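Read through the structure below, which is laid out as structure tokens, and then see the notes.
There are 4 protein chains.
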Amino acid sequence: VRVRYAETDRAGVGYHANTFVWFECARTELLRSLGAPYRRLEEEGWLLTVTEAAARFLRSVRYDDRLVIDCAIVEAAGARLRIEYEVRVEGELCTTGSTELACLDAASGRPRRLPPPLVAAIGRGGGRAEEEER
Amino acid sequence: VRVRYAETDRAGVGYHANTFVWFECARTELLRSLGAPYRRLEEEGWLLTVTEAAARFLRSVRYDDRLVIDCAIVEAAGARLRIEYEVRVEGELCTTGSTELACLDAASGRPRRLPPPLVAAIGRGGGRAEEEER
Amino acid sequence: VRVRYAETDRAGVGYHANTFVWFECARTELLRSLGAPYRRLEEEGWLLTVTEAAARFLRSVRYDDRLVIDCAIVEAAGARLRIEYEVRVEGELCTTGSTELACLDAASGRPRRLPPPLVAAIGRGGGRAEEEER
Amino acid sequence: VRVRYAETDRAGVGYHANTFVWFECARTELLRSLGAPYRRLEEEGWLLTVTEAAARFLRSVRYDDRLVIDCAIVEAAGARLRIEYEVRVEGELCTTGSTELACLDAASGRPRRLPPPLVAAIGRGGGRAEEEER
Numbered sequence: 139v140r141v142r143y144a145e146t147d148r149a150g151v152g153y154h155a156n157t158f159v160w161f162e163c164a165r166t167e168l169l170r171s172l173g174a175p176y177r178r179l180e181e182e183g184w185l186l187t188v189t190e191a192a193a194r195f196l197r198s199v200r201y202d203d204r205l206v207i208d209c210a211i212v213e214a215a216g217a218r219l220r221i222e223y224e225v226r227v228e229g230e231l232c233t234t235g236s237t238e239l240a241c242l243d244a245a246s247g248r249p250r251r252l253p254p255p256l257v258a259a260i261g262r263g264g265g266r267a268e269e270e271e272r
Numbered sequence: 139v140r141v142r143y144a145e146t147d148r149a150g151v152g153y154h155a156n157t158f159v160w161f162e163c164a165r166t167e168l169l170r171s172l173g174a175p176y177r178r179l180e181e182e183g184w185l186l187t188v189t190e191a192a193a194r195f196l197r198s199v200r201y202d203d204r205l206v207i208d209c210a211i212v213e214a215a216g217a218r219l220r221i222e223y224e225v226r227v228e229g230e231l232c233t234t235g236s237t238e239l240a241c242l243d244a245a246s247g248r249p250r251r252l253p254p255p256l257v258a259a260i261g262r263g264g265g266r267a268e269e270e271e272r
Numbered sequence: 139v140r141v142r143y144a145e146t147d148r149a150g151v152g153y154h155a156n157t158f159v160w161f162e163c164a165r166t167e168l169l170r171s172l173g174a175p176y177r178r179l180e181e182e183g184w185l186l187t188v189t190e191a192a193a194r195f196l197r198s199v200r201y202d203d204r205l206v207i208d209c210a211i212v213e214a215a216g217a218r219l220r221i222e223y224e225v226r227v228e229g230e231l232c233t234t235g236s237t238e239l240a241c242l243d244a245a246s247g248r249p250r251r252l253p254p255p256l257v258a259a260i261g262r263g264g265g266r267a268e269e270e271e272r
Numbered sequence: 139v140r141v142r143y144a145e146t147d148r149a150g151v152g153y154h155a156n157t158f159v160w161f162e163c164a165r166t167e168l169l170r171s172l173g174a175p176y177r178r179l180e181e182e183g184w185l186l187t188v189t190e191a192a193a194r195f196l197r198s199v200r201y202d203d204r205l206v207i208d209c210a211i212v213e214a215a216g217a218r219l220r221i222e223y224e225v226r227v228e229g230e231l232c233t234t235g236s237t238e239l240a241c242l243d244a245a246s247g248r249p250r251r252l253p254p255p256l257v258a259a260i261g262r263g264g265g266r267a268e269e270e271e272r
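Residue numbers (this note's numbering), protein chains in the order written: chain V, 139 to 272; chain Z, 139 to 272; chain P, 139 to 272; chain W, 139 to 272.
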């Protein structure tokens with residue numbers, strides 16, 4: 139993802155809260171690459187809700203920087219998923235972070251086992267992706 | 139509304155697209171002051187969708203500036219509403235703008251007459267509000 | 139650009155103010171394609187400030203939709219630039235809009251003639267671009 | 139802070155990344171209440187940069203909910219500050235979180251001791267604030 143002008147702040151750098159939006163972009167592409175695009179999961183009645191999010195900001199990112207985000211599913215059990223992220227600009231590590239997601243049934247709002255295509259993909263050793271947009 | 143750090147960009151000023159979010163804040167308070175809070179309208183099956191939006195940026199606004207937004211319903215007919223906005227900082231006019239809203243039935247997505255409390259309030263000469271948050 | 143989950147609202151569609159951020163993405167790529175990336179323009183002391191912005195929303199866009207944005211410089215005179223935009227999803231026109239930009243000297247904040255590479259590109263019949271990200 | 143329509147997502151709830159923007163709103167008011175408004179700190183050459191951010195989402199927040207955010211400086215040493223947050227809606231705890239901030243010299247980008255008014259206020263047992271906007 140390219141850092142948008144809208145995403146900078148008056149300190150001239152990418153505003154930190156946007157990092158969690160970039161994590162979402164990476165997560166979306168990760169699910170897509172595993173054959174389980176999130177839009178389809180939702181249409182089929184699953185919701186993945188962020189229950190925890192954390193990030194460490196090592197270096198700031200700048201306007202128009204091209205972010206390369208590596209992300210990997212590091213834990214998947216029952217109705218929970220833990221994903222870790224690393225954001226780099228030209229090879230330099232800028233941010234690390236993680237999110238915990240709870241899988242819910244969209245209709246009832248109750249916890250629900252992870253979708254089978256996701257479980258299968260993780261079993262095949264998937265769940266690791268590198269997003270490199272444009 | 140106070141301009142948030144998140145809402146500035148690296149030119150040091152409020153990022154222009156956020157203006158339309160501030161317009162929304164003013165519109166929300168306008169509806170509330172007319173006795174028709176938008177959350178309740180939605181619960182009762184109305185949707186107000188923005189069909190047009192425009193703004194002229196006369197002066198930039200800065201971090202932590204306290205925006206005073208005047209807004210007024212200038213037209214209301216059938217299923218349409220036109221609202222105009224003026225944003226000031228310490229009395230100085232910074233931005234003018236307008237939005238057109240279409241009133242829809244939430245279930246069918248079809249145009250629907252404006253909600254009666256809104257029509258009544260407009261008839262009483264309401265539809266003019268000044269938002270001055272905090 | 140893909141519509142991000144962060145960019146949707148509770149009506150389930152892309153929140154209208156984000157349209158102006160997507161316009162910015164398109165504008166950025168337009169300038170890049172003309173050999174005048176905006177980051178470099180800023181480094182060289184130019185600022186392009188949005189003075190007017192307008193959009194008409196014909197159809198809503200949805201989460202994960204892939205937006206194709208056509209944009210073109212339709213006027214360029216002195217220190218002013220007018221750009222028009224069309225946003226499509228799978229060939230269907232969803233949004234039209236325009237922005238007026240003023241070219242400023244970053245140091246003085248005064249109007250300044252458009253950067254020569256931009257003027258040259260426009261003269262060559264450039265200034266028309268289609269952004270199709272990912 | 140009222141949850142804005144712009145801040146919801148298509149799951150109908152406040153989008154999680156905005157939580158860090160609301161933390162910023164609370165932090166800003168905390169600094170203001172300590173006699174050290176952040177805008178003035180920046181004008182005087184200090185920068186407070188977020189180096190770590192984390193949140194746990196216990197309950198989702200909804201459109202137009204009125205968030206009451208308690209925040210407190212729990213550590214302040216040298217050039218570092220740790221702030222903790224609790225977000226409630228009508229008394230119910232929705233989110234907890236924390237941010238680590240590094241104090242920098244705006245000109246050099248080097249670590250710099252915390253601004254004296256802040257240190258003094260913390261010494262007086264300040265550094266605890268409840269933000270209740272509107």
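Here a beta-carbon is modelled for each residue, glycine too, at the ideal position from N, C-alpha and C.
None of the values given here were measured: they were computed from a predicted structure.
Taking residue i as the reference, which of the options has the closest Cα?
i: C232(P); options: L219(Z), V188(Z), Y223(Z) and R251(Z); result: V188(Z)
i: E180(V); options: E162(P), L186(P) and Y201(P); result: Y201(P)
i: P254(V); options: F158(V), A217(V) and R194(V); result: A217(V)
i: R251(Z); options: A214(Z), I207(Z), A174(Z) and E228(Z); result: A214(Z)
i: G183(V); options: V257(V), A244(V) and A258(V); result: A244(V)
i: E230(W); options: C241(W), V212(W), R248(W) and I207(W); result: I207(W)
i: W160(V); options: G235(V), P175(V) and S171(V); result: G235(V)
i: A164(V); options: E222(V), L256(V), L242(V) and S246(V); result: E222(V)
i: S171(V); options: A210(V), R194(V), A193(V) and A192(V); result: A210(V)
When burial is assigned at 16 or more other CB atoms within 10 Å of the CB, is residue i buried or exposed?
i: V139(V); result: buried
i: L196(W); result: exposed
i: V212(Z); result: exposed
i: E162(P); result: buried
i: R248(V); result: exposed
i: S198(Z); result: buried
i: E167(Z); result: buried
Checking contacts by CB at 9 Å: is residue i closer than that to chain W?
i: V199(Z); result: no
i: R194(V); result: yes
i: V188(V); result: yes
i: D202(Z); result: yes
Taking the alpha-carbon positions, what's the residue i to residue j distance?
i: R142(W); j: G261(P); result: 44 Å
i: H154(P); j: F158(Z); result: 8 Å
i: R220(V); j: L185(Z); result: 37 Å
i: A149(W); j: R178(V); result: 14 Å
i: L239(V); j: E190(V); result: 7 Å
i: R204(V); j: E224(P); result: 25 Å
i: T146(V); j: G152(V); result: 4 Å
i: V257(V); j: G173(V); result: 11 Å
i: E270(V); j: A192(P); result: In this predicted model, E270(V) has a pLDDT of only 46, less than 50, meaning its place in the structure is not dependable; the value taken from the coordinates is given anyway. In a straight line, the C-alpha of E270(V) is about 32 Å away from that of A192(P).
i: A259(V); j: R194(P); result: 42 Å
i: T237(W); j: T237(V); result: 16 Å
i: L242(W); j: R226(V); result: 23 Å
i: Y176(V); j: P175(P); result: 33 Å
i: A144(P); j: S246(P); result: 36 Å
i: E228(Z); j: E228(P); result: 46 Å
i: N156(W); j: L169(V); result: 23 Å
Output yes if chain Z places a C-beta closer than 9 Å to the C-beta of residue i; else output no.
i: R148(V); result: yes
i: A217(P); result: no
i: L168(P); result: no
i: Y223(W); result: no
Nearest chain V C-beta to residue i closer than 9 Å, yes or no?
i: A144(P); result: yes
i: L185(W); result: yes
i: E180(P); result: yes
i: V139(W); result: no
i: P175(P); result: yes
i: E271(W); result: Residue confidence is low: E271(W) scores 42 on pLDDT, short of 50, so the model does not pin down where it sits. Its coordinate-derived value is still stated next. E271(W) does not count as touching chain V.
Could one say the Cβ of residue i lies closer than 9 Å to chain P's Cβ atoms, at least one of them?
i: A191(Z); result: yes
Relative to chain P, which residues along the segment 151-166 of chain W have a C-beta separation below 7 Å, given in chain order?
If the cut-off is 7 Å between Cβ atoms, the segment 151-166 of chain W has Y153 and A155 near chain P.
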